[in-house]
Structures are given as structure tokens and as C-alpha cells.
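Working notes, structure below.
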Amino acid sequence: MTDEVAKAVEECARAAKRAAPSLATAPEKAIDAALEGMAQRLLSHRAEVLEANAADVERSTAEGMSAGLLDRLTITEERLTGMAEQLRLLAGAPHQERTVEVSTLEGGLRLVERRRPVGVIGANYEARPNVTVDVASQLVKSRNAGVLRTGSAALGSAQRLLEVVIAPALTEAGIDSDVVQLVPRVEREAAAALVRLPDLVPLVILRGSGDSTRALATEAATHGVRTLAHADGGGVLYVDAAADADTVRSLVSSSLDRLGVCNRLNLLLINSSVYDELWPRVSEAFAERGVSPSLAPYEHEIGYEWALDSDREATVTVAKVAGLTEAVTIANEQTSGLAAGIATEDAAAAEAFFDAYQGTGVFWNAPTRLLDGFKLLGVPETGINLDKVPGPRGPVTYTDLYVRQYAVLPAGR
Numbered sequence: 008m009t010d011e012v013a014k015a016v017e018e019c020a021r022a023a024k025r026a027a028p029s030l031a032t033a034p035e036k037a038i039d040a041a042l043e044g045m046a047q048r049l050l051s052h053r054a055e056v057l058e059a060n061a062a063d064v065e066r067s068t069a070e071g072m073s074a075g076l077l078d079r080l081t082i083t084e085e086r087l088t089g090m091a092e093q094l095r096l097l098a099g100a101p102h103q104e105r106t107v108e109v110s111t112l113e114g115g116l117r118l119v120e121r122r123r124p125v126g127v128i129g130a131n132y133e134a135r136p137n138v139t140v141d142v143a144s145q146l147v148k149s150r151n152a153g154v155l156r157t158g159s160a161a162l163g164s165a166q167r168l169l170e171v172v173i174a175p176a177l178t179e180a181g182i183d184s185d186v187v188q189l190v191p192r193v194e195r196e197a198a199a200a201l202v203r204l205p206d207l208v209p210l211v212i213l214r215g216s217g218d219s220t221r222a223l224a225t226e227a228a229t230h231g232v233r234t235l236a237h238a239d240g241g242g243v244l245y246v247d248a249a250a251d252a253d254t255v256r257s258l259v260s261s262s263l264d265r266l267g268v269c270n271r272l273n274l275l276l277i278n279s280s281v282y283d284e285l286w287p288r289v290s291e292a293f294a295e296r297g298v299s300p301s302l303a304p305y306e307h308e309i310g311y312e313w314a315l316d317s318d319r320e321a322t323v324t325v326a327k328v329a330g331l332t333e334a335v336t337i338a339n340e341q342t343s344g345l346a347a348g349i350a351t352e353d354a355a356a357a358e359a360f361f362d363a364y365q366g367t368g369v370f371w372n373a374p375t376r377l378l379d380g381f382k383l384l385g386v387p388e389t390g391i392n393l394d395k396v397p398g399p400r401g402p403v404t405y406t407d408l409y410v411r412q413y414a415v416l417p418a419g420r
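Numbered by this note's numbering, the letters in the sequence shown go through residues 8 to 420 in order.
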């Protein structure tokens, strides 16, 4: 890593830390005004944002980026409008309770849980410009300053969003715009530098391809930096013996509307007793979405994530299974643990599947595409955390980004 890259990241972190008190102490009305201002400016400056994004897309297309990744990179008119709507919904969402009564101690003393901002939170994410807005807005709502680092493909879009949308809206609301920093370097080493600053950035959100995110999480741990990591994805659907054919077709199709996203259908497990009967309906859905099945014998692991394969992302692994037990075992032991669903009309089978699956989201006759902060909770997410330990799990939103402090007060105070 060059000294210049490390220095640039540290400068961003120090600037964010200096500005953090401006956000931590801001009135709720100011925070919501900043978010509403971002929504307004996103729409009023849409031409500038779309222009910068078009340049990113054009360059990435020339460099051979896959169709799925280009889809993630692209901001359309419709998506821009959706981004603004999400900002407005977040502005209107209730703020985190900052003081929660716990109990009364001996002598009448009050025990109160205070929820404080972390301070500065880092975020490293893939070439998705909308994530710049999602993460920045969640951090602002949670009163945390942030240091954002995105890949070179989306840096132009991210810089334009910061310059004409995020920073001016913060300033207009009376909040120091330095609370949101964007690392201006394109080098991959900047991501490693971000997870080596425990005194400045104690928590980093990691989103991206599995290998790079896992490597960053390991690097962060060696430097005492906590992470909320979303390294792997891929939705699983188990088709039970009691599944309805129309429901199966609909689930398969609706789970493949976008191929470059983590919660798409990745692995389809079909009960062998109904495989031949249902395969024509599944094939129809695949053809409708331009997707090909990967059938046994495989040249890959059964849980291989196709969304990360730029050459073969329009693929779904399909396997016959003896029943629910085998399906759940595969989902638990050979996939990422992101999300799995069951297609069945048998409530007992659905309940058994729910009890046995250990991942972050489980679905009955519903697509795994719903595992998304906005779709489930009505607010954008900073990412999906796959940890199997206490703490935020699944879609992480502004209500999760705090540290707990116990306070003991005199009676009546």
C-alpha cells in the first residue's frame, strides 16, 4: 500500500471524526430536513447525477463489465426516483429511542439504557451508486459520521452524489457536511486502509464479492476493527412435494427479475417425487428470464454464487432432493446462509422448514428477493449481515447502528 493511499483514507477519517459532534447533537428536525433535502436535490439535480452515472457505465462497458454488474452500476430515471422516495420515507421514519428505562435499583435509583452513536462508521461497497445514498442516509439518521469507499467503476457517480446531493443538503440543514466523507482514491488498497484505523473508524460495513470481503474482515480483525460483513449471497428455494405448480413458476420468475443481486434465486432444490411434473413449469420461468439451469453432475460447489460470475450469472443450480430434511441440510451447510424459501401448501412442512433453516431470512411461498431493508422494513439498508452471533443480523438499518451505555440516576431524575 502506498503512503498516499493510506494518508488519503486517514484524512477522510479524521475529517469525519472532527465533524461527528455536529451530527451527534443535531436536533431531530435538522436530521430529517437533511434527508428531505437530499431527496429534493436528487430530483432537482437528476441530470447531473445521470450524466456522471452514464460516464461510469460507458467506461465500464468498454472495459468488459458483465451485464449483471452493469445493471447494478446503472441509475435509471425510475431508480433515481425510487432513491428519492426512499430518502423521504427515511426522513419520516421515527428516530431511534436514545434513552430507554430498564429498571429501578435498590434505594430507588433509576437504571437507564442510553443509545449512543458509534461515532464514525466506515463502508466499503461494490459498484452500486445507490448504496452511496443508502449508506450515507442511514448513517445520518443514526447520528453517525461516515467514511465511504466504493470501487473505481462507481466513483464518478458517488462523487457527483456527494457534491450535488448529500453535502449541500447537510449544510442547508445546519449540519457539518464533513460528516460524510468519500475516499477519493480508486486503488483497492484504500479498502484495506479503511479497516486499519480502530481509533478513528471502529466499525466498517463491508459489502462486495465474497473473497475480497472475507479478506477485509480478516484484516479488520487483526487491527481491532469490528465489521458488519456481507460477503456471500444467493437465495435458495426448496420445492416441496405439496407445492402448487403455479406458485412455483411465479416464485422462480419473480426471484430472477435481476441477476446481479445477492438475494436472487441461486439454488433450486426440487423434491424428487414432483420433479418431472414441475420441471416444465420451472423451464418456462427460466426461459422467460433468459436463465439456464446447471444440472448434476456439477463442475462447481452446489452453493456456488452465480451473481458473482460475470460470464455465467444467468444460471441457476438445480438439484433433486429426497425431501425437506435433505434440502435444509444443503441450505444450512453448503450455501451462504443468506435466505431460503419453501414452496408448499403444507403448513406443517413450512413450519418444519422455518424451524430447521438457520439463515438470516426464511420464506414460505414468497421470493428471497424480499430480503432487503426497504422491502421488509420500509427503510434502506446499509447491508445484510450474515453473522451467527448476537448483534445486528439480516438487513442492517439505522436502528442497529448504536452502542449501549448504562446510566444510573437518582430517584425522580
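Built from N, CA and C at the ideal position, the CB exists for glycine as well.
When DSSP states are grouped into helix, strand and coil, P175 belongs to the helix group.
For the pair G240 and I391, the CB atoms are nearer than the 9 Å cut-off. L235 is a Cβ neighbour of P399, given a cutoff of 9 Å. A100 and M90 have their alpha carbons spaced roughly 15 Å apart.
The beta carbon of E226 sits closer than 8 Å to the beta carbons of A199, V202 and R203 from its chain, once the five residues preceding and following it are set aside; these are given in chain order. In this structure, the beta-carbon distance from L285 to L272 does not fall below 9 Å. Cβ atoms of L213 and N131 come within 8 Å of each other, at about 5 Å.
Distance from V323 to A197 at the Cβ level is roughly 35 Å; contact not present, criterion being Cβ atoms closer than 8 Å. For G242, the uninterrupted beta strand (DSSP E) run begins and ends at G242 to V246, by DSSP. With fewer than 16 other CB atoms across the displayed protein chains lying within 10 angstroms of its CB, P34 is exposed. A distance below 8 Å between beta-carbons, with the five flanking residues on each side excluded, links E308 to the following residues of its chain, in chain order: Q341. Between the C-alpha atoms of A152 and L146 there is a straight-line separation of about 6 Å. V289 carries a helical assignment under DSSP once its states are collapsed to helix, strand and coil. By DSSP's assignment, Y413 forms a beta bridge with E120. Taken in chain order, the whole beta strand (DSSP E) runs of length 3 or more contained in the stretch 22 to 80 number zero. The straight-line gap separating the alpha-carbon atoms of V138 and L274 is approximately 26 Å.
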